[in-house]
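In what follows, a single structure is set out as structure tokens and then discussed.
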Amino acid sequence: MQVLKEDIRGRILTVARQQFERKGYSKTSMREVAELAGVGVGNIYNYFTNKDELFREVVRPVLCALEAMLQEHHGIRGEDIMMMRSEKYLKSCIDEYISLIDKHRALMGILLFRAQGSSLERFRENYTDRSTELVKAWFASMQRKHPEINTAVSDFIIHLHTVWMFTMFEELLMHSVP
20 MQVLKEDIRG RILTVARQQF ERKGYSKTSM REVAELAGVG VGNIYNYFTN KDELFREVVR
80 PVLCALEAML QEHHGIRGED IMMMRSEKYL KSCIDEYISL IDKHRALMGI LLFRAQGSSL
140 ERFRENYTDR STELVKAWFA SMQRKHPEIN TAVSDFIIHL HTVWMFTMFE ELLMHSVP
């Protein structure tokens with residue numbers, strides 16, 4: 020019985036992903052997802068409380084990847100500033116961004132271009148604000164660790180870095196670059 024339930028849940032997620040990618044969050048209905056997944060509309064609510072929960076579950080892999088990237092680089096145990104000064108490090112960051120797009124292209128597109136009406140429609144802005152605060156705290160910790168290095172960076176420059184990252188993601192997606 021458990022296998023059957025997981026199969027149904029998987030079908031719902033697959034169909035929802037296709038519909039969100041094709042039509043966006045606001046124009047996708049739970050009724051059509053249920054119909055295309057071959058389940059009753061009432062049954063879909065046994066798996067997902069509402070359309071927003073379903074949407075969040077569909078894009079969860081890319082949300083987790085973005086969160087992991089943020090924590091890896093700028094969390095409390097993030098990279099050391101001394102390492103970040105190298106050209107090799109900067110190249111590895113660009114490679115990581117491109118790898119993220121390669122692995123999550125469709126989900127990133129759904130999240131950035133198809134989330135209108137969902138609780139994630141302001142994801143980019145919310146992530147940027149959170150990232151800015153986390154990076155500011157990270158710079159403060161690096162200043163304590165390496166007092167000889169000038170870590171004075173304006174909040175706006177920190178904010179712009181995350182804006183640049185999302186702009187790059189959007190451009191790569193819109194122009195179908197790798």
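Using this note's numbering, you'd call the opening residue of the sequence shown number 20 and step up by one each time. The beta carbon of each residue, even a glycine, is placed where N, CA and C say it ideally should be.
- Rounded to the nearest angstrom, the gap between the Cα atoms of Gln90 and Asp148 is 14 Å.
- In the structure shown, the three-state DSSP call for His194 is coil.
- The Cβ-Cβ distance between Leu126 and Pro80 falls below 8 Å.
- Beyond the five residues adjoining it in sequence on each side, Leu55 comes within less than 6 Å, by CB distance, of Val34 in the same chain, given in chain order.
- In chain order, Glu76 and Val77 place their CB closer than 7 Å to the CB of Leu32, counting only its own chain and leaving out the 5 sequence neighbours on each side.
- The DSSP-derived three-state label of Gly29 is helix.
- Following the DSSP letters along the chain, one finds Ala134 in no alpha helix (DSSP H), marked with neither H nor E.
- At the C-beta level, Gln162 and Thr151 stay beyond 8 Å of one another.
- The straight-line gap separating the alpha-carbon atoms of Thr181 and Lys24 is approximately 40 Å.
- Phe188 carries a helical assignment under DSSP once its states are collapsed to helix, strand and coil.
- The stretch 188 to 195 and the stretch 112 to 121 touch, with three or more beta-carbon pairs separated by less than 8 Å.
- Judged by pairs of C-beta atoms under 8 Å, the stretch 47 to 66 does not touch the stretch 108 to 118, as fewer than three such pairs exist.
- Taking C-beta atoms under 8 Å as the contact rule, Glu51 and Gln37 fail to qualify, at a distance of about 11 Å.
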